Each structure stands twice: as structure tokens, then as C-alpha cells.
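Undergrad: Residue numbers (the working numbering): 6 to 221.
(1) Can you list, in chain order, the residues of its chain whose CB lies under 6 angstroms from that of residue 90, leaving out five sequence neighbours each side?
(2) Taking a contact to mean a Cβ-Cβ separation below 8 angstroms, would you say residue 99 touches residue 134 in this structure?
(3) Starting from residue 4, trace the beta strand (DSSP E) in both directions and tell me its first and last residue.
(4) Given this structure, state the Cα-to-Cα distance separating residue 30 from residue 198, to the nearest angstrom.
(5) Residues in its own chain within less than 6 angstroms of residue 17 by CB, not counting five upstream and five downstream?
(6) For residue 15, count neighbouring C-beta atoms within 10 Å of its own C-beta (all shown protein chains included) and say buried if the count is 16 or more, exposed if not.
(7) Determine contact between the region 141–157 and the region 186–197, defined as no fewer than three beta-carbon pairs at a distance below 8 angstroms.
(8) CB residue 110 to CB residue 120, shorter than 8 angstroms?
(9) Quick one: Cα of residue 11 to Cα of residue 70, how far?
(10) With a threshold of 6 angstroms on Cβ separation, who are the neighbours of residue 161 within its own chain once the five nearest residues in sequence on each side are excluded?
(11) Sort 43, 60, 182 and 67 by Cα distance to residue 166 and report the nearest one.
(12) Rounded to the nearest angstrom, what separates residue 112 and residue 118 at their Cα positions?
(13) Specify, as a first and last residue, the run of the beta strand (DSSP E) that residue 9 falls within.
(14) Could you give the DSSP three-state label for residue 26: helix, strand or coil?
(15) Determine the closest residue to residue 42 out of 56, 57, 207 and 116, with distance taken between C-alpha atoms.
(16) Residues in its own chain within less than 8 angstroms of residue 38 by CB, not counting five upstream and five downstream?
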């Protein structure tokens, strides 16, 4: 059994129940950062193992059996027989778009982390790292209005014309439409013609994720 096997099993278990690693920890009564990637190594670089107490709380909170979790550790890609909570509406992490540029909400890969997120129930989204943002302002009207919730999928492929959320190295976060992406630059369009369009060098873009669903 390897260190990575345990963490992969925890990530898979979280995904089975429609949760992020932070959401799984929170549901299990643990500090929401317990299973974050930054906590999987010691400050000196040595690997950190989740405690048996943490694992016991996870199994109790999800109703997963030790045998099912062991199957994930040994390489199974899904829970045997499916998740006990499969019929429950998936809850994904939610923050306001205006908050998204602050530190502590996303890791370096653009995945939601930390305990500052709310949760919202939404239709099933296949990406275990999906998250929701609450639109603020009118730059995306009339498609997205102030207060609308949009679901964002880091795993979804992006093509010209897609509506996306982008974060720059300067900490700017915005929801726009992808007008063009070349090998060096990305051009973004505001759906509301009263707001400016933007162009960034790709080197200045931390991440760009596709909007896959929106409340109306």
C-alpha cells in the first residue's frame, strides 16, 4: 500500500458522493482543509498519511464500508455497487464571483479548497472538481444576471464561443465569453456591449474554466 493509494481512494470516495476533498472533510466533522493537497506532505517534504480517526469519520459520514474503501485503495475506480447517496442531489461548493479573486479559495490548479465555501444543490455534474459562482455585476447580461449561479467545470474542454471563468496572475477573476485563443494570447468578450472586452497573454493567465450550467 502506497501513500498515493490512500489519497487517491479518498479523492475517489469524495467524487462518488459529489464532494470535493474539502467537502468530504467538512461532512465528516473534520477541519475542511484536512484532505487538501497542501496537507498531504510534511513541511520537510515527507509524505503525510491520513489518520485512522479521520478515515473512520469519513466512513461513518458516508456510510461506505471498510471493504468498499479498501477496494478503492487497491485500484478500483468506483465504489462497488455504486454510491449509497447516488439518488441525492449533488452539492457543490459555492462562492461569489467577487470573492473568487481572494486568496484561500483555489489551489494552484484552480480547484476549490478551504472552508470558506457555501454549498448549493445542482443537477449531477461529472467533474468532481466542479464548483459554483454567484454572478455579480451586469457585464454578462442579458445571458447571466446579477445573482445568477453558474456551475464551472475545470475538466470541461473549451472552444471558441464558450462562456468561461478566467483568473489572471494578478488575481483578477472574471466571467466572459472566449472570443479567440491562440498559442500566445486569449481574447475575451463581455456579453454586455457596455462593458469592455479583454485580451491577455497566456503567460498571464493562471487558469480558465468553462461554465457548464447556469440558474435562470
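Heads up, the beta-carbon is just placed ideally off N, CA and C, and yes, glycines get one too.
No experiment lies behind these values; they were computed from the predicted model shown.
TA: Inspection of the coordinates gives the following:
(1) With a pLDDT of 43 at residue 90, under the threshold of 50, the modelled position of this residue cannot be trusted; read the value that follows with caution. Sequence-distant partners of residue 90 (beyond 5 residues in either direction) whose C-beta falls short of 6 angstroms from its own C-beta, in its chain, are 22.
(2) No, the Cβ-Cβ distance between residue 99 and residue 134 is not below 8 angstroms.
(3) Residue 4 cannot be examined here, being either before or after the span of the chain that is shown, 6 to 221.
(4) Straight-line Cα distance between these residues: approximately 43 angstroms.
(5) Closer than 6 angstroms at the Cβ level, and outside the excluded window around residue 17, lie 77.
(6) Label assigned to residue 15: buried.
(7) Taking 8 angstroms as the limit for Cβ pairs, the verdict is that the region 186–197 does touch the region 141–157.
(8) In terms of Cβ geometry, residue 110 and residue 120 do not form a close pair [threshold 8 angstroms].
(9) In a straight line, the C-alpha of residue 11 is about 15 angstroms away from that of residue 70.
(10) Excluding sequence neighbours, residue 161 sits near 215 and 217.
(11) Selected option, being the one with the closest Cα: 182.
(12) About 6 angstroms.
(13) Careful: residue 9 lies outside any beta strand (DSSP E), inside the alpha helix (DSSP H) at 8–21.
(14) Note: residue 26 maps to helix in three-state DSSP.
(15) The shortest C-alpha separation from residue 42 is found at 116.
(16) Counting only Cβ-Cβ distances below 8 angstroms, and skipping sequence neighbours, we find 27, 30, 44, 118, 119 and 120.
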